[in-house]
Every structure is written in structure tokens, then in C-alpha cells.
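Reviewing the structure listed below.
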Amino acid sequence: MYGMESSRLKRGKLVSAVGIALNFALAAIKIVYGALFSLVSVLADGFNNLSDCGSGAVSLVSFRIAAKPADKEHPYGHQRAEYVASMIIGFLVLLLAVELLRESVEKIISGTVSEAFWGIYVMLGVSVAVKAGMFVFYRVEARKLESDALKAAATDSLCDCIATLAVVIGLIVAQFTRLPADGYAGVLVALFIVWEGIAIVREASSKLIGQAPDAALLEELRAVILSGEGVLGVHDLRAYRYGPHKFFAVAHIEMDANLPALSAHEVIDGLELRIAESLGVEFTGHLDPVDLQDAEAKELEERIRAAVEGTVEGLNLHDFRLVRGTVDKIVFEAGIPFSCKKKDEEVRNDLERAVRLLCACEPVIRTERE
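If you want it as C-alpha cells, here you go:
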């Protein structure tokens, strides 16, 4: 694992350094041209590239932080630093958009028409080609390294292509119509940048809050667990992501209550090891014993399932137990899908009514969203 992280760090630093160098070169040329010929859209495009240098620096730092091993203060590692880096990049992009919008509106109000010569168009054409190449470069590396920071940089580069094309169109229109199209192009560029920044911030913040893992990963986890010897079922499967390569998962594993505790423990231990090796997920399994010999409890479970089937789409009932005493109790859990519009209390009340209609047992039902 350390070797993989070390290799990822080196590759990430190289990609970030290449991006910083290319963006700095483009920024310098555009800022000089924009200032010399009073072309606000070209100048703004140059500052856009300059902000990309800052974004590259943020990515560079994030790769170094993310590669640090877990410690006392951060027992789950530092890989979420890349999500923070993505958010910083997004906010830098939005800050640039506000400044660009201000300058463009001032240009439109003043009505000034800037002159451009063929060298400007050549320079902007080269810029589009370079940014397109950077988009492909970042995109490929982002997939290889599973990096949100590089993914954000790829999106940034694509929007830069569109922004620079808008600048070219604005300059051409201004030459033929004598309208301040340069300023209007600047407004268009600013709007593209706003869209880009919001998308980056939204994606990064979602992952920081705790975005749900891919459904494919959950299905793989479920398949491995169910393949365990003596496993009857699995529920309450949860997976948590702490970075591009840092996953944790927990699940309740149903097994025959009459199995020796050591045998059940050995099976779950084996599943935890298999999942770590095959899926790279640190998994913890919780044993839920199922009494297969209690025919009355099984019969009650089947009747309750049939009675509530279809009341809530995707409702998952599990952990059925019949607790006998002065007053018999039927105990179980109900997993309510997040898509369900009913409140948990409403669903629980519906289930309690169904149980009381079927038997004299007192229902004890726990609900949770899944």
C-alpha cells in the first residue's frame, strides 16, 4: 500500500508541475498582450490561467498531504485533503469570475472598442490547443490516480477552451461591428467560469459531507459476504470513503444461532480478510444469530412479511426474534429506503398495526434509513 501511495504521490506531483508551468506560460503571454492592446477579455483570460497556477499549486500540496500515513489525530489517514483541495480550487475559480464580470461590465458601459491584430488570434489559437491537450492529459491522469483535484483541473481546462474561444469570437465581432463585443465576451467567459466553479465546489463538498459509495462497490461487498460458508443473509451494509483509496465498511451477517461461536467468528474473520485483499476495503462484520429451529418465529416472520409487502417499496425487514414471556414480543428491524416520503414514525405505526392484526404479540420495531 505504501509503495502504491508513494508512486501516486510522484505521479501527482509531476502532473501538477506540468500544469503549473503551462498555465504560467499562457498567463504571461495573455496578460502582456491584453495590457498592451487594452483587450479586457484577453487580459481576463490571462488572469484565469494565472489562477490555474494557484489551482495547480493546491493540487500539488494536496497530493503530498494525502500521501501522509494515518496518525493519532487522523486515524483514517489524510486522503480527504484532496477533496479540500478541490473546494479551494472551486472557490478560486469563483473569485476570478466575480472580478472578470466586473471588468467586462465596465468595458461594456464605457463602449470602448479595442483593436486586435493577427498575432492576437494566433496566440489565442495556440492557447486553445494547449488547453485542449491539458484537458486530455488531466482527464487521463485523474482516472489513473482517482484524483478529484486533477478531475477539477480537467474541467477547468475544458472551460478555459470555451472561454478563450468566446474571447476570439468577441474580438472578431468587435472588428466588424464596432460594438464593445470584447466586454460581452468577457461576461460570457465569466458565466462559464461561475458554472465551472460551482460544479467543482458541489462535487467536493458532497464527498466531504459523506457521499454514498458506488452501487457497484456495495454489490461486490454483498456478493463476497454471501459467499461465506454458513452465511444466511446480510443487512445494514454501510460503506464509507475517506479518500480515493481509503474505504471502510460494516455489515450485519446472519448465521445459524446453533453454530459454535468460534466457528462463526472464524468465518467472519475470513470474510474481513478476503474483502481487504480483493476490494481494498477495511471491513468489519457483526454477527446476527438466526434461530432456524424456532418454527413459530419463522412462521410469524413469513406472515408479517406477506402482510406488509408492497406497503413501502424497498422496505427491508430483518433481525426477527420471538421473545417469549408473560407477554410475548415480536422484535425486528425495518430498513426504510431514503426515497420513502413517509416519516419513520408513520412506517413504524403501520408495521405495528399489521403485527397486532396477525397475532397477540407485542411488536417492538426499530426503524432506520438505508
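Note that the numbering used here has the sequence shown beginning at 4, numbered continuously upward.
Where a beta carbon is used, it is the ideal one built from N, C-alpha and C, also for glycine.
Here the structure is a predicted model, which means the values were calculated and not measured.
What does a CB cutoff of less than 8 Å around residue i pick up in its chain, not counting 5 residues either side in sequence?
i: Leu229; result: Gly236 and Val237
i: Gly59; result: Ser19, Ala20, Gly22, Ile23, Asn26 and Ala156
i: Gly6; result: Bear in mind that a pLDDT of 44 at Gly6, under 50, signals an unreliable position, so the model cannot answer this.
i: Leu97; result: Ile196, Val197, Gly200, Ile201 and Val204
Going by beta-carbon coordinates alone, are residue i and residue j separated by less than 8 Å?
i: Ile203; j: Ala157; result: no
i: Leu1; j: Ala242; result: As shown, the chain starts at 4 and ends at 373. That puts residue 1 outside it, with no answer to give.
i: Thr167; j: Ser209; result: no
i: Asp151; j: Tyr86; result: yes
i: Val358; j: Ile307; result: yes
i: Gly137; j: Ser160; result: Sequence inspection shows Met at residue 137; the Gly mentioned does not correspond to that position. Closer than 8 Å, so yes.
i: Ala310; j: Leu361; result: yes
Under the rule that 16 or more other beta-carbon atoms within 10 Å means buried, what is residue i, buried or exposed?
i: His268; result: exposed
i: His81; result: buried
i: Phe335; result: buried
i: Asn352; result: exposed
i: Gly200; result: buried
i: Arg244; result: buried
i: Asn261; result: exposed
i: Val133; result: buried
i: Arg83; result: buried
i: Ile212; result: exposed
i: Val315; result: buried
i: Ser113; result: exposed
i: Glu109; result: exposed
Pull up the CB-CB distance for residue i and residue j, whole angstroms please, since I reckon it's below 8 Å.
i: Val3; j: Val192; result: Since the first residue of the chain shown is 4 and the last is 373, residue 3 is not available in this structure.
i: Gly273; j: Gly233; result: Not quite, the Cβ-Cβ distance comes to about 11 Å (not below 8 Å), so this is no contact.
i: Cys164; j: Ala145; result: At roughly 17 Å, the Cβ-Cβ gap does not stay under 8 Å, so Cys164 and Ala145 are not in contact.
i: Phe251; j: Glu302; result: No, Phe251 and Glu302 are not in contact; Cβ-Cβ is about 38 Å, not under 8 Å.
Report the option in the options whose CA atom is closest to the CA atom of residue i.
i: Lys344; options: Arg146, Leu318 and Gly328; result: Leu318
i: Ile278; options: Glu223, Thr329, Gly37 and Ile172; result: Glu223
i: Ser294; options: Ala88, Asp74, Pro263 and Tyr124; result: Position check: residue 294 holds Asp in this sequence, whereas Ser was assumed. Checking every option, the nearest Cα to that of Asp294 belongs to Pro263.
i: Phe66; options: Asp74, Ser41, Val197 and Lys13; result: Lys13
i: Val190; options: Cys56, Cys364, Leu303 and Val45; result: Val45
i: Tyr141; options: Thr314, Arg327, Ala309 and Asp55; result: Asp55
i: Thr329; options: Leu320, Glu365 and Phe94; result: Glu365
i: Glu312; options: Phe341, Leu282 and Val350; result: Val350
Between which residues of its own chain and residue i is the CB-CB distance below 7 Å, once the five residues before and five after are set aside?
i: Met4; result: With a pLDDT of 46 at Met4, under the threshold of 50, the modelled position of that residue is not reliable, and the figure given next carries that caveat. Correct list: empty, nothing qualifies.
i: Asp291; result: His255, Ile256, Glu257 and Asp322
i: Ala332; result: Correcting the residue identity first, residue 332 is Lys in this sequence and not Ala. Result list for Lys332: Val326, Cys364, Glu365 and Val367, in chain order.
i: Gly246; result: Ala69, Gly80, Gln82, Arg83 and Glu85
Might you give, ordered along the chain, the residues of its own chain that have their beta carbon closer than 6 Å to the beta carbon of residue i, omitting 5 neighbours on each side?
i: Arg324; result: Val334
Check whether the Cβ of residue i lies closer than 8 Å to any Cβ atom in chain C.
i: Glu269; result: Of the chains in the structure shown, none is chain C; there is only one protein chain.
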